[in-house]
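Chemist:
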Amino acid sequence: MPVIQWFPGHMAKARRILQENAPLVDVVLEIVDARCPLASRNPDLMRLVAQKPQVLILNKADLADPAATRAWVERLSEPGRPAVALDAVKGTGAREVLAAVRRAFGPVLEAWTAKGRKPRPARVMAVGIPNVGKSSVINRLAGARRAHVGDRPGVTRGKQWIRIGADVELLDMPGILVPKFDDPRDGVLLAAVGCVKDEVFDRRAVAAELLTLIYEPLAPTLAERLGLTRLDPEPENNLAAVARHRGLLRAGEQVDLDAAAALVLREFREGRLGRVSLQTPCPPSTKL
Ligand SMILES: Nc1nc2c(ncn2[C@@H]2O[C@H](COP(=O)(O)OP(=O)(O)O)[C@@H](O)[C@H]2O)c(=O)[nH]1
Ligand SMILES: [Mg+2]
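Sequential numbering from 120 applies to the sequence shown in this note's numbering.
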């Protein structure tokens, strides 16, 4: 199993930024990768905002298996924390995200008005681990009219807010969560989907492992695009097969396993191998 390095300093920084921003917002958008929604969460950090209404966004749904995503949406939705599938690039699901924000904010607003406070737009912050699509989500929700609402003197000095419709304001900077690697399998999934820097993991090991994971659901495409007509129990042999099929050779007709690994990761991340989920929901009785 490939080992992924861990940087403790990032955790402290993520914690600090989250704690600093949490008091400014009413709703937290937790963004995860739809292909591995559990591996791409960080429950420890999300505990810091546990008292806030939340919306869980399963982003990059266009790259995930649609049936698995539907099952995840159902499985991960909780009272006060709806889950919504999104393709932040094309915008599929954006309307549902905003509806979920309004739904999550509703009770807060009602409590305010009951106390005689004036209603105001929901203030929202997006958070997630690197590369899950935080910036894309913000841009998508902001749309073409990326109108800044401006600083709020005294309360949110230096923060930029984007107005979305009449009743939502989105913090222009996302909160960056640190990926958790409690389970070494999570590390492989996060590396495969591109949520950890390529330099910190063994690309050959991750790409070889990925082929094993996606072989069954994507067999016809892997045969056609990568020349993988059967799965060898020795993971690197599958990379070798890809290298031969795609003509990735070094001098002396030796297969270039590094080039094959890079190709597999690139084509997987671009969705060219097909829509596939790396984690599928377990039975409802299982604790997540
Ligand atoms: N296919 C697909 N790609 C996405 C989606 N959202 C983001 N991306 C891509 O994922 C990469 C990282 O996105 P970015 O918004 O910069 O992630 P951030 O690091 O969390 O801010 C970019 O190449 C985006 O184009 C999505 O819903 N579908
Ligand atoms: Mg970003």
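Ideal Cβ positions, reconstructed from N, Cα and C, are used throughout, including at glycine. If you're wondering where the values come from, they're calculated on a predicted model, not measured in any experiment.
For G273, count the other beta carbons within 10 Å of its own beta carbon; 16 or more makes it buried, fewer makes it exposed. Which is it?
Modeler: Residue placement at G273 cannot be trusted, given a pLDDT of 42 that sits under 50; what the coordinates show is reported in the next sentence. Answer is exposed; the Cβ neighbour count stays below 16.
Chemist: In terms of residue numbering, what span does the alpha helix (DSSP H) encompassing A245 cover?
Modeler: No alpha helix (DSSP H) holds A245; the beta strand (DSSP E) holding it covers A241 to G247.
Chemist: For T211, list the residues DSSP reports as bridge partners.
Modeler: T211 pairs with D206.
Chemist: Find the nearest neighbour of P293 within the set P303, D286, P226 and I281, judged by alpha-carbon distance.
Modeler: It is I281.
Chemist: Give me the Cα-Cα distance between A204 and I176, rounded to the nearest whole angstrom.
Modeler: Distance between the alpha carbons of A204 and I176: 6 Å.
Chemist: To which residues of the same chain is P400 closer than 6 Å at the C-beta, ignoring the five residues directly before and after it?
Modeler: Contacts found: A190, W191 and R194.
Chemist: Check whether the Cβ atoms of K253 and N140 sit closer than 9 Å, and answer yes or no.
Modeler: No, these two residues do not count as a Cβ contact at 9 Å.
Chemist: Along the chain, where does the alpha helix (DSSP H) that runs through R388 open and close?
Modeler: From DSSP, the alpha helix (DSSP H) with R388 extends over L376 to R388.
Chemist: When DSSP builds the beta bridges, which residues end up paired with G294?
Modeler: Bridge partners of G294: V246.
Chemist: Can you check whether the CB of L167 is closer than 9 Å to the CB of L137?
Modeler: Yes, they are a contact pair.
Chemist: Going by DSSP, which residues form a beta bridge with I333?
Modeler: None, per the DSSP bridge assignment.
Chemist: What does the Cβ neighbour count give for A379, buried or exposed, with the cut at 16 atoms within 10 Å?
Modeler: Result: buried.
Chemist: How is V319 classed by DSSP in three states: helix, strand or coil?
Modeler: Three-state DSSP puts V319 in a helix.
Chemist: Taking the alpha-carbon positions, what's the G269 to P142 distance?
Modeler: No answer about G269 holds up, because its pLDDT of 48 lies below 50 and its placement is not dependable.
Chemist: Nearest-angstrom Cα distance between E328 and V307?
Modeler: So the alpha carbons of these two residues sit roughly 8 Å apart.
Chemist: By DSSP's criteria, Q173 is part of a beta bridge. Which residues make up the other side?
Modeler: Answer is V147.
Chemist: Less than 8 Å between C-beta atoms, sequence neighbours within five positions excluded: which residues of the same chain meet that for T275?
Modeler: Reliability of the predicted coordinates at T275 is poor, the pLDDT of 48 falling under 50, and no value is obtained from them.
Chemist: When you measure from the CB of S254 to every non-hydrogen atom of ligand 2, does any distance come out below 8 Å?
Modeler: The answer is yes for S254.
Chemist: Are there 16 or more other CB atoms within 10 angstroms of the CB of E149, so buried, or fewer, so exposed?
Modeler: The residue is buried, with at least 16 neighbouring Cβ atoms inside 10 Å.
Chemist: Would V395 and C314 be called neighbours here (beta carbons separated by less than 9 Å)?
Modeler: No.
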